[in-house]
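Colleague:
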Amino acid sequence: MKPFYITTAIDYANGSPHLGHAYEKVLADVVARTRRLRGAPVHFLTGLDEHGQKVQQSAQARGIEPQALCDTVAVEFQALLKTLGISNDDYIRTTAPRHQSVVRAILQKLFDQGLIYLGEYRGFYSARQEQFLLEKDKVNGQWPEIYGEVVEVVEPNYFFPLEPHRAWLRDFLDNNPGWIFPSFRQKQVVEFLKEPLNDLCISRPRERLGWGIPLPFDEKYVTYVWFDALVNYVSAIGYGTPEFDKIWPADAHVIGKDILVPPHAVYWPIMLKSLGLPLPKQLLVHGFWFTSGKKESKSDIEKAKALGQKVESPLDFIATHGADPFRYFLLREMAAGQDSDFSATQFTARYNSELADDLGNCVARLLNMGARYSGGRVPAATVDEDPERTLRAEWGRFAPEIYTLGDGYQFHALLEKLNTFVKAINRYLDVRSPWKLAKSADPADQARVATSLAHLAEAVRLVAATLTPVTPQVSARILGLLGQPPIEKWDGQLDWGARLAGATLGEKVILFPKIEAEKPGI
Ligand code: MSP
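Rendered as structure tokens:
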């Protein structure tokens, strides 16, 4: 069976990871874990984009070789993946021989087909963005600050014509309306394709940029950034070997909105078509995180650090509150595809209410009452009255949405609805008040106590199961407290049942210690 092949953008190796990188990996991880839970084999790839001017310049600035810089940065990015609990199956580095040889093979193949020619490039070049700019990129007659220093360059270079494929790409988009998620991004691509496409310059003279993969047909040049970076999606799975056909095409490329048009939505499909390969099935394009209205960027963080300022990175929240609450927050807060703001206030508000007060409280109540009223075991449910029926009906309404919301990348809505269910569990307990019923001598009331504990335990199990792709460690911990192993497949696990009857409950724990609000003046 062909695995569900999911990739992320490969991060630039010229600085430390930041929130934007973390979010993208978490988003892709949740999709990957969801697929696995639904029984599909998954191949999940992420990696590091190591060549190019920026890396060369950053290394120079530090007085080290580019490879040494990449090696250090790779350790840092991979450590973040581990901390975040990312379940990638592979990690591709573009300096790895397995990648370089494929880039060269692909370039040679396209060159042999006559699809690459030597021309003369003249234009304005931004080293910071590693791209030539057009007059239309100017704002009020000036190059915007994001481009850094812009210099005029005239040099012979190799080109890959795009225009001959424009009509084909437009037809493809017309016939595949859901190719890009969210759909308004697909419309942007269609808009972009209304204008003729310039030939893509795919090389840089080696004397100007030494840190790249040499062109196989002209070693005086290296490949330009996108012909190197995009190829990672096929080099990592063994392009040119029988293994490759078992995995390609990708089912989802997860990327940020800044690298959709033109790299992923124009260059990449045209490159694949020219190679005779099928296109990826979908592009999942997420928005940008801002901190206090500003784009989260490594250069800001590094600048502040260099000035000796205390920088609070959103990534610090992982160390203070754990990877899973962080993952929960990212997915709960940002509607995939839209932009969001990260603030300590909002993180604290969601953590304290949804995790500590709602979910943490359910689990604490279960463990407390289980120890007090049922000898630390989950009793069997023997009563079926209105409160039970209401709670089960609540689950019955929500459960069928778990798959559909996940398929539509509506994780924020999924978590919101799950939180509504968690609140319903706490309401159920308030209505039942087992602590009052426990004082009654009536055996019917004792049966209600046992039933309410059974319902509480089952509801908590279902919440932990649902949360597994988002908070894998916390879910495993909750299931452990219910005497259950972690859930590997969802099949049958999201149905309300009686499997917990007789299970031993764990010791009381506080799963989410409340975050104390900072007191003014301290
Ligand atoms: N190396 C290229 C991608 C090549 S993919 C074949 C690159 N690297 S990057 O490090 O600049 O960005 C990596 C990913 O992080 C991109 O998908 C980008 O959109 C994403 N993010 C970078 N900053 C971001 C935010 N502030 N918010 C959310 N994601 C953002 O581009």
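544 is the number that the numbering used here gives to position 521 of the sequence shown; each next residue is one higher, with no gaps.
We treat Cβ as the ideally placed atom computed from N, Cα and C, and that holds for glycine.
Given the structure is predicted, the values throughout are model-derived calculations rather than measurements.
Output the boundary residues of the alpha helix (DSSP H) element that contains F166.
Modeller: Counting from 1 along the sequence shown, the entry for residue 166 is found at position 143. Here residue 166 is Trp; the residue named in the question, Phe, does not match the sequence. No alpha helix (DSSP H) holds W166; DSSP gives it neither H nor E.
Colleague: CB-CB under 7 Å to A55, same chain, minus the five flanking residues each way: which ones, in chain order?
Modeller: Mapped onto the sequence shown, residue 55 falls at position 32. Counting only Cβ-Cβ distances below 7 Å, and skipping sequence neighbours, we find I29, V65, F67, S110.
Colleague: With a Cβ-Cβ cutoff of 8 Å, do N391 and K531 count as a contact?
Modeller: Along the sequence shown, read from residue 1 onward, the residue named residue 391 stands at position 368. Along the sequence shown, read from residue 1 onward, the residue named residue 531 stands at position 508. Yes, these two residues count as a Cβ contact at 8 Å.
Colleague: Going by DSSP, name the residue or residues bridged to P228.
Modeller: Here residue 228 is taken as the residue at index 205 of the sequence shown, counted from 1. In DSSP, P228 forms a bridge with Y244.
Colleague: The ligand MSP and W312: does any heavy atom of the ligand fall closer than 7 Å to the residue's C-beta?
Modeller: For the purposes of this step, residue 312 is taken as residue 289 along the sequence shown, with counting starting at 1. Yes, since a heavy atom of the ligand MSP falls inside the 7 Å radius drawn around the Cβ of W312.
Colleague: How would you call S226, buried or exposed, if buried means at least 16 neighbouring beta carbons within 10 angstroms?
Modeller: Sequence index remark: in the sequence shown, residue 226 carries index 203 (1-based). Label assigned to S226: buried.
Colleague: Assuming P265 is part of the alpha helix (DSSP H), what are its boundary residues?
Modeller: Numbered from its first residue, the sequence shown carries residue 265 at position 242. It spans 265-270 - the alpha helix (DSSP H) in which P265 sits, taken as one unbroken run.
Colleague: Would you mind reading off the limits of the alpha helix (DSSP H) that contains W312?
Modeller: The sequence position of residue 312 within the sequence shown is 289, counting from 1. Taken as a continuous stretch (DSSP letters only), W312 belongs to no alpha helix (DSSP H), being part of the beta strand (DSSP E) at 312-314.
Colleague: Under three-state DSSP, which class holds F535?
Modeller: Numbered from 1 along the sequence shown, position 512 holds the residue referred to as residue 535. Secondary structure of F535 (DSSP, three-state): coil.
Colleague: Where does M357 land, buried or exposed, given buried means 16+ other C-beta within 10 angstroms?
Modeller: Here the question's residue 357 lines up with position 334 in the sequence shown. M357 comes out buried.
Colleague: Using the rule of at least 16 other Cβ atoms within 10 Å of the residue's Cβ for burial, across every protein chain shown, is W234 buried or exposed?
Modeller: What you label residue 234 is simply residue 211 of the sequence shown in a count that begins at 1. Result: buried.
Colleague: In the DSSP assignment, the beta strand (DSSP E) including Q154 goes from what residue to what residue?
Modeller: Start at 1 with the first residue of the sequence shown, and residue 154 comes out as number 131. Residues 154-156.
Colleague: Just to confirm, are G146 and L156 a CB contact at a threshold of 8 Å?
Modeller: Looking up residue 146 in the sequence shown gives position 123. Looking up residue 156 in the sequence shown gives position 133. Yes. Within cutoff.
Colleague: Taking Cβ to Cβ, would you say L223 is nearer than 8 Å to R189?
Modeller: For this step, residue 223 is matched to residue 200 along the sequence shown. For this step, residue 189 is matched to residue 166 along the sequence shown. Contact flag unset, no.
Colleague: If I measure Cβ to Cβ from F267 and keep anything under 8 Å in the same chain, skipping five residues before and after, which residues do I get?
Modeller: Here residue 267 corresponds to residue number 244 of the sequence shown, with the count starting at 1. Hits under 8 Å: V257, I260, G261.
Colleague: Where does Y28 fall in DSSP's three states?
Modeller: Looking up residue 28 in the sequence shown gives position 5. Strand.
Colleague: Is it buried or exposed, R116, if we count other Cβ atoms within 10 angstroms and call 16 or more buried?
Modeller: Here the question's residue 116 lines up with position 93 in the sequence shown. Buried, by the Cβ-count rule.
Colleague: Can you say whether Y140 is buried or exposed, counting buried as having 16 or more other CB atoms within 10 angstroms of its CB?
Modeller: Translated into positions along the sequence shown, residue 140 becomes position 117. By the 10 Å Cβ count, Y140 comes out exposed.
Colleague: I'd like to confirm the pairing. Which residues does DSSP put opposite T474 in its beta bridges?
Modeller: The residue you call residue 474 lines up with position 451 of the sequence shown. T474 is not bridged to any residue.
Colleague: Shortest alpha-carbon distance to A487 belongs to which of P509, S475, Q211?
Modeller: Translated into positions along the sequence shown, residue 487 becomes position 464. Closest by alpha carbon: P509.
Colleague: Return the residue from the list S206, R471, V445 that minimises the CA-CA distance to R455.
Modeller: Taking the first residue of the sequence shown as 1, we reach residue 455 at position 432. Cα-wise, what sits closest to R455 is R471.
Colleague: Measuring alpha carbon to alpha carbon, tell me which residue in P184, P301, A36, D407 is nearest W271.
Modeller: In the sequence shown, the residue the question calls residue 271 occupies position 248. Answer by Cα proximity: P301.
Colleague: Skipping 5 residues on each side, what residues in its chain have a beta carbon closer than 7 Å to that of F340?
Modeller: To locate residue 340, count along the sequence shown from 1; it is residue 317. Around F340: F349, F370.
Colleague: Taking 7 Å as the cut-off, is the C-beta of E47 nearer than that to any heavy atom in the ligand MSP?
Modeller: Within the sequence shown, residue 47 is the residue found at index 24, counting from 1. Indeed, a heavy atom of the ligand MSP lies less than 7 Å from the Cβ.
Colleague: Run through the DSSP bridge pairs and tell me what I278 is partnered with.
Modeller: Here residue 278 corresponds to residue number 255 of the sequence shown, with the count starting at 1. By DSSP's assignment, I278 forms a beta bridge with V308.
Colleague: Quick check: is any heavy atom of the ligand MSP less than 7 Å from the C-beta of D34?
Modeller: Indexing the sequence shown from 1 puts residue 34 at position 11. Yes, the ligand MSP has a heavy atom inside 7 Å of this Cβ.
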